[in-house]
Structure formats: C-alpha cells, structure tokens
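One structure is given here, and the rest of the page talks about it.
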Amino acid sequence: MPRPRSSDSLCRVIAIANQKGGVGKTTTAVNLSAALGLLGYKTTLIDIDPQGNASTGLGIDRSSRGCGSYGLLAGTRDFSDIARPTAVNGLSIVPAEPDLAGAEVELVNLQDRESRLKSALQSARQKITGQDYIFIDCPPSLNLLSVNALVASDSVIIPLQSEFLALEGLTQVTNTIEIIRRKLNPELSLNGILLTMMDRRNNLCEQVEADVRGFFGASVYRNVVPRNVRLSEAPSHGMPIFLYEPKSAGAVAYHEIANEFLARDTALVTQPRKVPQPT
Ligand code: ADP
Ligand code: MG
0 MPRPRSSDSL CRVIAIANQK GGVGKTTTAV NLSAALGLLG YKTTLIDIDP
50 QGNASTGLGI DRSSRGCGSY GLLAGTRDFS DIARPTAVNG LSIVPAEPDL
100 AGAEVELVNL QDRESRLKSA LQSARQKITG QDYIFIDCPP SLNLLSVNAL
150 VASDSVIIPL QSEFLALEGL TQVTNTIEII RRKLNPELSL NGILLTMMDR
200 RNNLCEQVEA DVRGFFGASV YRNVVPRNVR LSEAPSHGMP IFLYEPKSAG
250 AVAYHEIANE FLARDTALVT QPRKVPQPT
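Going by numbering that gives the first Met the number 0, the sequence shown opens with residue 0, and the numbers climb by one from there.
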C-alpha cells in the first residue's frame, strides 16, 4: 500500500495515556504501531513505562534492553542511535531499560524536567527523514514520565476499559491533559478515546459505551477493541497480534483502528480537537 503522507511532512508524535493500569494502553501501543508499520508507515514506539511491557511485547526481553528511553530523557543518547528494528517491517522500538525506574526521581532535579523528551524528539523529528509516526506508551500514573510524553506529543489517545466507573477515571485524565495543554503544550490535541476489552455479551459494557459516547461524542473511536484472548497471549510470544494470530478478532479490530487513527490524525492536522471538559 502506498504511503499517503508526503515524505516531507513532519513526523507526528502520539502519546497513549491513562493513569489507570490494565486498561489496554500497551496492547494498543504495540498493535496500533505494528498495524501502521505494516501499512507502510515508518513508525517507532517509545516505551517509557519502567515495567517495559511494550518492549517485552515486541520481543525485547529484560536482559537485552540495553540503551533505551532513559537515555532520551537524560539527554545522553540520540533517538536515531537507540531506536531498533522489530520483527515488523516499518516498526522500530525504543525500549524501556531498568534505569527508567529511577528516572522520575532524577528528573525532578533537572532543568526543563517536563520537556526532556520533547527536546530529544525535536532533533529526531528534523533528522530522521521519512519517519511518519512516533507513539509513546505511558506508565499507569500521571507522573513526570507521563507529563514528558504529553509535552512531547502532538496528540493523545486515551484507551478506556469498558467497565463500571470508567467515566470517573476518564475525567481525571482529561483534566490533566487540559492542564498540560494550557501550561506546557498548547499544541496537544485529543486524537480520540478508544474503548477496549469490549464484551458485547455484557450489558454493563454496552451501558458504559453508551455513556461514554453520550458524553464525549465524536471524540470516541467508532471502532472498539473486543475482548480477545489472542491479544492477551501475543505479548508472551514477543509478537504483535498480526504476527501471532493475524486472523483473530483482535487483529481485525486493530487494523480497522489503524485506519480510523489515520483519518483522525489527518483531520487533526488541519483542525486540532481540544479535550472536552465536563461542564
Ligand atoms: P495497560 O498498558 O493499560 O496497563 P495492557 O495493555 O497491559 O494495559 O492490558 C492489561 C492486560 O489486559 C494485559 O494482560 C493484556 O494482555 C490484557 N488485554 C488488553 N487488551 C485486551 C483485550 N482486548 N482482550 C483481552 N485481553 C486484553
Ligand atoms: Mg502498559
């Protein structure tokens, strides 16, 4: 498939964030970036969660992490030196090395502590020709690592698990994004809220979907991620779903989500979408 983006268009940076753990951030980061790589877009996933689940999910186990996103935050490594290829054509990864766990404490004392990643990626955006998308898989808290991701990004995707009280957690993350937009990164827009682990047989899931769509309208992805056991098995084989089980419902969904992502991102370039705030 030809790349619709022109080769001289700027690389776009997208954070995948939600302060709640276990909502499908990493699963989305791995499989959405893999889908885009397979569609012919030059894509890199940066893992800034010290747990390193995205790194594991793309086949880089703990012992072989070497230099990764800590070097970017510390300013000691260049993006192009530490991004490495994965088994998916077109997809590279900057893994999370164990040092990242201490980064938050160290960052507090550094100058421009909120914009370390932004500075590291600015040079990457200029230097790397043909890089289309950089995704950042955030840790499950709104700490300095997540703030760095949101400050470095053009837009954010919020994965949301379809469960009881989902909306309450969502308000917390949209408030934080709005504060960052006002104070640190006026360019930050919302790419979309993505409902994950949808079980159509469960009435509660459907109710949550109706509530979230009622409140956030067009900000919510039309496509949802179904609950699919293949998606949860793939990371232990170090593979995105497209290599592990390409015919699974999870693979089909993330392929559709990648197409919806592209349409949403193209629309955002001309018309940024602010994060809706509760009235
Ligand atoms: P987060 O990064 O937000 O903490 P993960 O993507 O790691 O969340 O997902 C949490 C757990 O749920 C993981 O074990 C993952 O494999 C599983 N999981 C995520 N999405 C799905 C899905 N659509 N269907 C089934 N299991 C899923
Ligand atoms: Mg995760």
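Each residue gets a CB set at the ideal place from its N, CA and C atoms; glycine is no exception.
Quantities reported herein were computed from a predicted structural model and do not represent experimental measurements.
8 Å Cβ cutoff met for residue i and residue j
i, j, result
"aspartate 198", "arginine 226", "yes"
"aspartate 67", "alanine 95", "According to the sequence provided, residue 67 is glycine. The question's aspartate does not apply to it. Yes. Within cutoff."
"proline 234", "leucine 193", "no"
"alanine 123", "serine 188", "no"
"isoleucine 178", "threonine 27", "no"
"valine 172", "alanine 53", "no"
"valine 87", "glycine 23", "no"
Beta-carbon separation (whole angstroms), residue i vs residue j, contact threshold 8 Å
i, j, result
"alanine 279", "leucine 149", "The structure shown does not extend to residue 279, since the chain spans only 0 to 278, so no value can be given for it."
"leucine 74", "threonine 42", "Checking the sequence, you will find glycine at residue 74 rather than leucine. Their Cβ separation, rounded to whole angstroms, is 24 Å, which puts glycine 74 and threonine 42 out of contact at 8 Å."
"leucine 31", "tyrosine 253", "6 Å"
"alanine 100", "valine 93", "Rounded, the Cβ-Cβ distance is 16 Å, inconsistent with contact."
"serine 161", "valine 107", "In fact, because the Cβ distance is near 36 Å, the residues do not count as touching under 8 Å."
"phenylalanine 241", "alanine 250", "5 Å"
Burial state of residue i (16 or more Cβ within 10 Å)
i, result
"glycine 56", "buried"
"serine 152", "buried"
"lysine 19", "buried"
"asparagine 202", "exposed"
"alanine 257", "buried"
"leucine 143", "buried"
"aspartate 264", "buried"
Chain-order list of residues whose beta-carbon lies under 6 Å from that of residue i (same chain, five-residue window excluded)
i, result
"leucine 183", "Glu113, Val150"
"glutamate 105", "none"
"valine 146", "Glu113"
Cβ neighbours of residue i in the same chain (closer than 7 Å, five flanking residues each side left out)
i, result
"arginine 76", "Cys66, Gly70"
"alanine 165", "Leu159, Val207, Val211"
Beta-carbon contacts of residue i that lie in its chain and below 8 Å, excluding the five residues immediately before and after
i, result
"threonine 195", "Val22, Gly23, Thr26, Thr27, Pro158, Leu159, Gln160, Ser161, Val223, Val224"
Q: Counting only runs of 4+ residues fully inside the segment 90-155, write out the alpha helix (DSSP H) ranges in chain order.
A: The alpha helix (DSSP H) runs of length 4 or more contained entirely in the segment 90-155 are, from start to end of the chain, 99-107, 115-126, 143-151.
Q: Just list the beta strand (DSSP E) runs in the segment 23-53, keeping only unbroken ones of 3 residues or longer that don't cross its boundaries, in chain order.
A: 42-46
Q: Quick one: which unbroken beta strand (DSSP E) runs of 3-plus residues sit fully inside the segment 175-219? Chain order, please.
A: Qualifying beta strand (DSSP E) stretches, in chain order: 188-195.
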